[in-house]
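Taking it in order: structure first as structure tokens, then the write-up.
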Amino acid sequence: MILIIGGTTEGRKALEVCEEAGKPFYYSTRGASQELTMHHGIRLEGGMNGEEMAHFCTERAIALIVDAAHPFAMGVHQSVADCVSRLQLPVIRYERTFPALPASVMSLDSFDAALTYLLKQQPRRLLALTGVNSIERLRAYWTQHETYLRVMPIAETEERLRQSDFPLERVVYYDKEQCDRELFATLRPDMILLKESGDTSGFAAKVEEALALGITVLVIRRPQIPYPATVTVEGPVGLRRSIERLLGSDFFPQRIGLTTGTTATAAATAALLTLLNEESYSEVTVTLPQGERVPFPIQHTELTAQGARAVAIKDAGSDPDVTDGAEIVADLSLTQAHSGVSFLQGEGVGRVTLPGIGLEVGEPAVNPVPRQMMRQALGALVDLSQVGIDLTISVPEGRRLAHSTFNPRLGILDGISILGTTGVVRPYSSEAFVESIRRELEVSKSVYGKHLVLNSGGRSERYLKGRFPDLPANAFVQYGNFIGETLSLANELGFPQITLGIMIGKAVKLAAGELDTHSKKVVMDKAFIIALASASGASEAQKQQISEMTLARELWQIFPDGTHPLYQSIVDHCYQVCKPLVPSAQLEVLLIPDSQL
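Just so you know, we're using the numbering used here here: the sequence shown kicks off at 214 and counts up by one.
Have a look at this one:
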């Protein structure tokens, strides 16, 4: 069993990760203000000291603690420290990311130090963004000086305010409709007081807005966590992989992996670090496209005559990917011939010979998102406007592995592609993944249950969340490639309204009757698309272009008018294929244009 110490945004994310396992776990908060709906989680309310937590963990056979409490919740962190010290339990710290403080910001180690500073400086008007728990800590100041306090409009806040004698006319309730700049401009404080609470709380934006208005910023630096965490993570991917490592298959039956793009980024990062520092590296940190930083093991690094080389191993998790376990090699050298990163052809990485896949003909098949990941990773170490890097990604077994992919059909020759839009590999092609979809649908039904929005992945989900901004997060569920199974499960659970968002590549396969749209199993039927296009008034030249296209998304270039009848025909055929699976639901099929992603 897992015990999550929550009550924060990070706690909610940890909860969502653990819900994916479909097994019971505990989620503990001090109060009842955080609104949650859990399908498998068991909620606990009320704080526990170290002894109580240790007793609870022993009694409930807790094998792992996830501490996702607020950085300043030191009483909670101390309880965790006492508990894990008694029981020798592993603990994962789910930490926020903390931006660097501008030089113009004054920062101090504690509330006591901040109080001393305030009493010395005596700003005319102080706005404290430190929450209701800071009332007593700042009493010596606000009883003598004009001080405004912003608080959250929740029951626990009201109780604290009733217990204090803080002047209610100087209480400012958080209003999500009011931006920080508007509040600062209205109150015109001489100084704002902040806790270093990380990106989750919008800390950097508050500092930036205050400084722009000429307001002095005083920051209380975050305290140190009072225990050595077994591992510290910054997001859901790192958390899940850490749980998988610490608990094995006891909690998650299947492991997630990392893409060839993430693997290549790790190797490139290690190669440049080796070159710059003349040291070997066994692990580097990689930033995923969503911004989460995760550790990645490095197999080998060495200096070479031209620069440096690093090797990383592709870990596909439980996905039956042909590249699982493959070596990804990065050879890197500095050059004065150009600035920025130049991607050179490497052995075992495919060579692009046809247009339409988003890469120039003749380029190595390193896709756009992995290229951007590598540029950002290398650009964090050197100034790419001043430094040139020649980077060669190679896969020693790539030429052989490519025979098990569709690369030859796409005009990508002599190797595999370096892929990945999210940086993460989930076990799409397994019964376990379909079961995880079921669990997400069950949560969605119990939390909201009225309107289900299905999508294939991260990019389409972002588009659909923008289209349906009033729907809760649990209304959106990813089907991966299992459209048929997902719709059948949604019908079983009784969703009254279903929107199926789909991109053109999967849409042309679905329209042809293929309910499993994985590229490893199904390729687009060009004859079928040409027949639809012909019935939609396409010219002979356009039909010829269809016969020559490599990827379905080239249709957007062949028919740039998004209102062309072909697109409605594709949607209609998708609807006809899907509707029998959800006979009682109101079904809508949305074709998502590439230009909207």
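Idealized CB from N, CA, C, for every residue including glycine.
Close beta carbons around residue i, own chain, < 8 Å, minus the five adjacent residues each side
| i | result |
| --- | --- |
| Y813 | What the structure shows of the chain is the stretch from 214 to 810, and residue 813 is not part of that stretch, so it cannot be assessed. |
| D165 | Because the chain spans 214 through 810 in this model, residue 165 falls outside it and cannot be assessed. |
| K236 | H253 and F464 |
| R424 | Rather than Arg, the amino acid found at residue 424 in this sequence is Leu. Within the same chain, L424 has close Cβ partners P315, S317, V318 and V430. |
| L745 | A724, L779, S782, I783 and H786 |
| L328 | R350, L351, A353 and Y354 |
Enclosing beta strand (DSSP E) for residue i [first to last residue]
| i | result |
| --- | --- |
| Q710 | Q710 to M716 |
| L632 | That residue, L632, is in no beta strand (DSSP E); it is neither H nor E in DSSP. |
| M404 | M404 to K408 |
| M737 | Premise fails: M737 is in no beta strand (DSSP E) and is neither H nor E. |
| L702 | Taken as a continuous stretch (DSSP letters only), L702 belongs to no beta strand (DSSP E), being part of the alpha helix (DSSP H) at I696 to L706. |
Spatial distance of residue i from residue j (CA atoms)
| i | j | result |
| --- | --- | --- |
| I456 | E698 | 28 Å |
| S642 | S347 | Note that S642 scores a pLDDT of 47, beneath 50, so its modelled location is shaky; the value from the coordinates is reported in the next line. Their backbone Cα atoms lie some 51 Å apart in a straight line. |
| L516 | N580 | 27 Å |
| A754 | E576 | 28 Å |
| E674 | D378 | 47 Å |
| Q512 | E761 | 42 Å |
| Q357 | R383 | 13 Å |
| I541 | Q757 | 38 Å |
| I428 | W355 | 19 Å |
| V345 | T360 | 13 Å |
| L277 | L228 | 14 Å |
| E232 | D325 | 41 Å |
| A521 | R612 | 23 Å |
| T478 | Q503 | 15 Å |
| N490 | S607 | 23 Å |
| A543 | T370 | 54 Å |
| L632 | A578 | 8 Å |
| N687 | E653 | 8 Å |
| M716 | E422 | 39 Å |
| G411 | R256 | 26 Å |
| I438 | I217 | 16 Å |
| G220 | L381 | 26 Å |
| Y387 | A798 | 40 Å |
| A518 | L485 | 14 Å |
| T634 | R375 | 51 Å |
Beta-carbon proximity check, residue i vs residue j, cutoff 8 Å
| i | j | result |
| --- | --- | --- |
| V554 | M587 | yes |
| F681 | V660 | no |
| V499 | T514 | no |
| L407 | V444 | no |
| H664 | L677 | no |
| R476 | A525 | In the sequence on display, residue 476 carries Thr and not Arg. For T476 and A525, yes; Cβs fall inside 8 Å. |
| G569 | G628 | no |
| F509 | L545 | no |
| L591 | L764 | no |
| K658 | F689 | no |
| S701 | L794 | yes |
| L302 | I275 | yes |
| E223 | G244 | no |
| V802 | V637 | no |
| L557 | G601 | no |
Residues of its chain near residue i, where Cβ-Cβ distance is below 7 Å and the 5 sequence neighbours each way are ignored
| i | result |
| --- | --- |
| S200 | The question about residue 200 has no answer, for the chain in this structure spans 214 to 810. |
| A720 | I783, C787 and L804 |
| L626 | G563, R564 and T566 |
| E447 | E308, T310, E505 and R506 |
| I367 | S246 |
| S493 | T487 and T514 |
| K527 | T473, T476, T536, D537, G538, A539 and I541 |
| D729 | N694, F695, G697 and V735 |
Enclosing alpha helix (DSSP H) for residue i [first to last residue]
| i | result |
| --- | --- |
| F324 | F324 to Q334 |
| K663 | Neither: K663 is in no alpha helix (DSSP H) and is coded neither H nor E. |
| H786 | P778 to C791 |
| I511 | That residue, I511, is in no alpha helix (DSSP H); it is neither H nor E in DSSP. |
| R612 | G611 to L614 |
| Q589 | P581 to G592 |
| A423 | F416 to A425 |
Other residues of its chain near residue i: CB distance less than 6 Å, five sequence neighbours each side excluded
| i | result |
| --- | --- |
| A417 | P312 |
| R173 | Any answer about residue 173 is impossible in this case: the structure gives the chain only from 214 up to 810. |
| I771 | Q755 and Q758 |
| V535 | L614 and S617 |
| D322 | R434 |
| V432 | V318, S320, L407 and E409 |
Problem - Contiguous alpha helix (DSSP H) assignments of at least 4 residues, all confined to the stretch 455 to 538 - result: Listed in chain order, the alpha helix (DSSP H) runs fully inside the stretch 455 to 538 are 473 to 490, counting runs of at least 4 residues.
Problem - Length at least 4, wholly inside the stretch 252 to 293: the alpha helix (DSSP H) runs in chain order - result: Taken in chain order, the complete alpha helix (DSSP H) segments of 4 residues or longer contained in the stretch 252 to 293 are 263 to 272.
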